[in-house]
Amino acid sequence: HLRSLCLRMEYSVTPNRSLTMLIMYREGKYYTYYVDYVQRRYVPTRGDTVIGVVTSRSGENYRVDIGSADSAVLSYLAFEGATKKNPPKVETGDVVAGKLLTANKDMESELVCVDSRGKEFILGILSDGYLLHTSIHLCRKLLNAKCPLLKALATRSKARLELVIGMNGKIWLRADTFGETVRLGNLILRCELMSNEEIQQLCETGLK
21 HLRSLCLRME YSVTPNRSLT MLIMYREGKY YTYYVDYVQR RYVPTRGDTV
71 IGVVTSRSGE NYRVDIGSAD SAVLSYLAFE GATKKNPPKV ETGDVVAGKL
121 LTANKDMESE LVCVDSRGKE FILGILSDGY LLHTSIHLCR KLLNAKCPLL
171 KALATRSKAR LELVIGMNGK IWLRADTFGE TVRLGNLILR CELMSNEEIQ
221 QLCETGLK
């Protein structure tokens, strides 16, 4: 079972608010440590699921802004079922979800839109939704099993909701209407500096 333990947390609210957490994950006999904090720029990490915006095409590759210092490279063949005769329809400005195949400070990160089993899951072009630009801390917080928000959205929200969370501080969502999408997006953003108990209370009042 995956367990998380917060060893240290420093918290302050200022015009340039900061939040730092040293977190330890234990899975079996292995431990993983990382420092989670509100940061302005994403540092690519191999294996991360990220959300980005296509900015240009060069030859057989697309360049995707994932919020890091450099763009990521996405091959048109890195989509499920894509071939030279049957390329994907990708346009500049499209929002895509992908997994970082490589991440190296000395070269551009490589993005793919298929999972490790070769089947498309949540990866690929994300159409007609709303893209939230938030902190990496909030994305990690929402993906923590102890955070009640995702379960509440699945059980309490009357609207049909599609949600993709990227580890680079991007969240894509789509509900039945644009108004409902914006409302749920604002609710998600309010959770950043809340405790799990406060998030639970927010869901009980905000998802009626």
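First residue of the sequence shown: 21, per my numbering; consecutive thereafter. All C-beta atoms, glycine included, are put in the ideal place defined by N, C-alpha and C.
For residue i, which three-state DSSP category applies?
i: Val-116; result: strand
i: Tyr-164; result: It is Asn, not Tyr, that sits at residue 164 in the sequence shown. If DSSP states are grouped into helix, strand and coil, Asn-164 belongs with coil.
i: Ala-174; result: helix
i: Ile-71; result: strand
i: Arg-194; result: strand
i: Thr-122; result: strand
i: Asn-81; result: strand
Under the assumption that residue i contacts residue j (Cβ atoms under 8 Å), give the Cβ distance between them as a whole number of angstroms.
i: Tyr-82; j: Leu-94; result: 4 Å
i: Gly-186; j: Thr-69; result: 6 Å
i: Asp-135; j: Lys-119; result: 7 Å
i: Val-115; j: Ile-71; result: 7 Å
i: Pro-168; j: Ile-219; result: 6 Å
Taking a contact to mean a Cβ-Cβ separation below 9 Å, would you say residue i touches residue j in this structure?
i: Thr-75; j: Ser-91; result: yes
i: Ile-142; j: Ala-117; result: yes
i: Leu-121; j: Glu-128; result: no
i: Glu-212; j: His-157; result: yes
i: Leu-151; j: Val-73; result: yes
What number of angstroms, rounded off, separates the C-alpha of residue i from the C-alpha of residue j?
i: Asn-188; j: Gln-221; result: 27 Å
i: Ile-145; j: Asn-124; result: 24 Å
i: Pro-108; j: Ala-102; result: 6 Å
i: Lys-171; j: Arg-194; result: 17 Å
i: Lys-105; j: Cys-223; result: 48 Å
i: Glu-200; j: Asp-126; result: 42 Å
i: Ile-191; j: Leu-209; result: 10 Å
i: Ser-177; j: Gly-226; result: 9 Å
i: Ser-147; j: Asp-196; result: 13 Å
i: Leu-181; j: Leu-163; result: 16 Å
i: Cys-159; j: Gly-205; result: 13 Å
i: Pro-64; j: Val-110; result: 23 Å
i: Phe-198; j: Gly-149; result: 8 Å
i: Ala-179; j: Leu-207; result: 14 Å
i: Glu-217; j: Arg-61; result: 29 Å
If we count the other Cβ atoms within 10 Å of its Cβ and call it buried at 16 or more, is residue i buried or exposed?
i: Ser-78; result: exposed
i: His-153; result: exposed
i: Val-84; result: buried
i: Gly-67; result: exposed
i: Val-202; result: exposed
i: Ser-215; result: exposed
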